[in-house]
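Structure, as structure tokens:
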Amino acid sequence: MTVIKNDMDITQLVLENAGLSKKELLERYDQIVQATIRKRTLYWDIDDLVRETRFSKASLEKYILCDPRIREHQRQLGSRYKRVWLAEPTAKVLDEILNKDY
């Protein structure tokens with residue numbers, strides 16, 4: 003018989019009975035949060051791409067942003083304005099580029 007002392011004990015017991023570790027639960031939570039953020043974000047700028055890929059700006063420019071599939075989703079009002087990329091289709095293309103042949 004398990005003695006329950008507080009709410010944390012109850013939570014731990016429920017997680018153990020469900021076969022979930024704290025790490026798995028946090029990973030699932032993080033995936034839900036990231037999916038929600040992606041759905042609400044319409045555009046990414048270069049800093050968002052750096053955050054998503056963990057590549058430097060120079061590496062992104064040299065290897066990824068020159069790809070025609072990425073350029074298709076790039077938007078810029080004029081040569082002096084900031085470049086942005088449509089978030090959802092760019093994420094799919096990034097996944098294709100970064101996971102090809104691996």
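In our numbering, each residue carries its 1-based index in the sequence shown increased by 2. By construction, the Cβ of each residue, glycine as well, lies at the ideal position given by its N, Cα and C atoms. Here the structure is a predicted model, which means the values were calculated and not measured.
Q: Please name the residue or residues paired with V86 in a DSSP beta bridge.
A: R77
Q. Is there contact here, the segment 45-64 with the segment 88-96, by at least three beta-carbon pairs under 8 Å?
A. yes
Q. What are the partner residues of Y45, as DSSP defines its beta bridges?
A. L88
Q) Is the segment 71-82 in contact with the segment 93-102, if contact means three or more CB pairs nearer than 8 Å? A) yes
Q. With 16 other CB atoms within 10 Å as the buried threshold, where does L51 fall?
A. With 16 or more other Cβ atoms inside 10 Å of its own Cβ, L51 counts as buried.
Q | Neighbourhood of G21 by C-beta, 7 Å cutoff - its chain only, sequence neighbours within 5 removed | A | none
Q: Would you identify the three-state DSSP class for K102, choosing helix, strand or coil?
A: Here K102 sits in coil by DSSP.
Q: Could you pull out every residue in the same chain whose Cβ sits closer than 8 Å to the Cβ of Q14, ignoring the five residues on either side in sequence?
A: none
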